[in-house]
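S.K.: First the structure, which I've put down as structure tokens, then a few questions once you've had a look.
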Amino acid sequence: MVVIPTVTGLLTGARLLSVPRTIATAARASPSSLPSLCYLKKSYCPPQRRSVLPARKLVIRAARTESKGVSLGFRAPNFELTEPLTGKVWNLDDFEAYPALLVMFICNHCPFVIHLKKDIVKLSNFYMKKGLAVVAISSNSVVTHPQDGPEFMAEDAKFFKYPFPYLYDESQEVARDFGAVCTPEFFLFKKDGRRPFELVYHGQFDDSRPSNNVPVTGRDLSLAIDCVLSGQPVSSTQKPSIGCSIKWNPGGKQ
1 MVVIPTVTGL LTGARLLSVP RTIATAARAS PSSLPSLCYL KKSYCPPQRR
51 SVLPARKLVI RAARTESKGV SLGFRAPNFE LTEPLTGKVW NLDDFEAYPA
101 LLVMFICNHC PFVIHLKKDI VKLSNFYMKK GLAVVAISSN SVVTHPQDGP
151 EFMAEDAKFF KYPFPYLYDE SQEVARDFGA VCTPEFFLFK KDGRRPFELV
201 YHGQFDDSRP SNNVPVTGRD LSLAIDCVLS GQPVSSTQKP SIGCSIKWNP
251 GGKQ
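UniProt numbering puts the first residue of the sequence shown at 1, with every later residue one more than the last.
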């Protein structure tokens with residue numbers, strides 16, 4: 001098992017804008033008429049009307065969705081998708097010679113994916129040297145989330161030095177064929193000889209989430225990969241991956 005070091009992120013605060021001079025003049029002339037400016041500058045309000053606003057907690061909201069609905073033994077569907085970074089078209093046959101294939105549905109913006117990005121790269125680099133094939137796919141709608149479009153995918157792949165192809169599923173048909181519903185979502189397939197790739201693991205990366213303070217280790221996924229590469233059976237007890245829902249095109253089938 002490969003144990004991945006914890007990755008932490010930083011949030012930067014916003015800078016408050018200065019109050020226009022005309023508003024400040026009006027407030028000094030008639031402070032009682034501008035009670036809403038109390039939080040901007042103490043001198044705007046008379047002492048008897050001053051109030052203290054409670055501190056606000058920054059909360060990142062995301063639609064939490066669990067991976068589901070795909071049974072072990074499921075055969076990997078074929079796909080033909082473009083890699084925005086290189087322009088190369090990839091399909092399932094490109095991985096035919098490998099004993100195992102990890103297919104990940106990710107995207108650029110999802111907080112759950114961002115939380116794991118550097119560690120996904122570390123895990124992939126480690127196991128690709130041992131014979132694992134890895135591919136990542138983004139199926140999010142660029143109508144609702146343009147930041148997940150191919151241009152930004154290429155930038156993301158270059159910035160994080162993805163060792164695997166990061167493919168764009170514009171039609172979202174590949175996500176439907178796989179039964180993918182969230183990001184990140186992990187599908188680990190094994191291949192016995194000339195038989196098709198068959199699903200042996202459809203679970204989480206590990207127990208870490210953006211706000212639960214659990215260290216990122218990649219334990220669950222790495223244990224499954226270890227079993228596949230060593231010819232051992234993978235446990236059927238698997239915790240579902242949890243992340244943002246895939247952003248389907250408005251008006252399209254889901």
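Think of the CB as a built atom: it goes at the ideal place given N, C-alpha and C, for glycine as much as any other residue.
1) For the beta strand (DSSP E) holding residue 234, just list the boundary residues, first then last.
2) Expressed to the nearest angstrom, what Euclidean distance is found between the alpha-carbon atoms of residue 194 and residue 64?
3) Does the stretch 89-104 come close enough to the stretch 66-73 to have 3 or more Cβ pairs within less than 8 Å?
4) Whose CA, out of 137, 189, 136, lies closest to the CA of residue 75?
5) I need the straight-line Cα distance from residue 92 to residue 174, nearest angstrom please.
6) I'd like to confirm the pairing. Which residues does DSSP put opposite residue 262 in its beta bridges?
7) Rounding to the nearest angstrom, what Cα-Cα distance links residue 198 and residue 192 in this structure?
8) Considering only C-alpha positions, which residue in the set 129, 245, 228, 82 is nearest to residue 184?
9) Near residue 54, which residues of its chain fall below 6 Å by C-beta distance, leaving aside the five closest residues on each side in sequence?
10) Out of 120, 203, 177, 226, point me to the one whose CA is closest to residue 165's CA.
11) Starting from residue 198, trace the beta strand (DSSP E) both ways and give me its first and last residue.
12) Helix, strand or coil for residue 80 per DSSP?
13) Where does the unbroken alpha helix (DSSP H) through residue 158 begin, and where does it stop?
14) Would you be able to state if there are at least three C-beta pairs under 8 Å between the stretch 108-118 and the stretch 77-89?
15) Would you give the residue range spanned by the beta strand (DSSP E) that residue 129 belongs to?
16) Excluding sequence positions up to five away, which residues of its chain have a Cβ less than 7 Å from the Cβ of residue 152?
17) If you compare alpha carbons, which of 212, 243, 124, 169 is closest to residue 78?
18) According to DSSP, is residue 122 helix, strand or coil?
19) One question on the structure: do residue 123 and residue 229 come within less than 8 Å of each other, judged by their Cβ atoms?
20) Can you grab the Cα-Cα spacing for the pair residue 143 / residue 150, in whole Å?
21) Determine the contact status of residue 133 and residue 167, defining contact as a CB-CB distance below 8 Å.
22) Residue 154 to residue 207, Cα distance in whole Å?
23) Could you check where the alpha helix (DSSP H) with residue 178 kicks off and where it finishes?
24) Quick one: residues in its chain with C-beta nearer than 8 Å to the C-beta of residue 131, no 5 flanking neighbours on either side, listed in chain order?
M.R.: Taking the geometry as given:
1) Neither: residue 234 is in no beta strand (DSSP E) and is coded neither H nor E.
2) Rounded to whole angstroms, residue 194 to residue 64 spans 38 Å at the Cα level.
3) By the Cβ criterion, the stretch 89-104 is not in contact with the stretch 66-73, since fewer than three pairs of Cβ atoms, one from each stretch, lie closer than 8 Å.
4) The residue among 137, 189, 136 with its C-alpha nearest the C-alpha of residue 75 is 189.
5) Going by the C-alpha atoms only, they are around 11 Å apart.
6) The first residue shown for the chain is 1 and the last is 254, placing residue 262 beyond what the model contains.
7) Roughly 9 Å between the two C-alpha positions.
8) Of the listed residues, the one whose Cα sits closest to residue 184 is 245.
9) A caution first: residue 54 carries a pLDDT of 43, below 50, which makes its placement in the model unreliable, though a value can still be read off. Taking C-beta separations shorter than 6 Å and ignoring five residues to either side along the sequence, residue 54 has no partners in its chain.
10) For the options 120, 203, 177, 226, the alpha carbon positioned closest to that of residue 165 is the one of 120.
11) Counting along the chain, the beta strand (DSSP E) containing residue 198 begins and ends at 198-201.
12) Residue 80: strand per DSSP, three-state reduction.
13) Where residue 158 is concerned, the enclosing alpha helix (DSSP H) stretches over 150-159.
14) The stretch 77-89, when compared against the stretch 108-118, does not touch it at the 8 Å Cβ threshold.
15) First-last for residue 129: undefined, no H or E at that position.
16) For residue 152, the CB contacts under 7 Å within the same chain, skipping 5 residues up- and downstream, are 108 in chain order.
17) Closest by alpha carbon: 169.
18) In the three-state reduction of the DSSP assignment, residue 122 falls in the helix class.
19) For the 8 Å CB-CB criterion, residue 123 and residue 229 do not form a contact.
20) Each residue's alpha carbon lies about 12 Å from the other.
21) Taking the C-beta atoms as reference points, residue 167 is found no nearer than 8 Å to residue 133.
22) Cα to Cα, the separation comes out at about 29 Å.
23) Following the DSSP letters along the chain, one finds residue 178 inside the alpha helix (DSSP H) bounded by residues 173-178.
24) So the qualifying residues of the chain are 98, 99, 100, 229.
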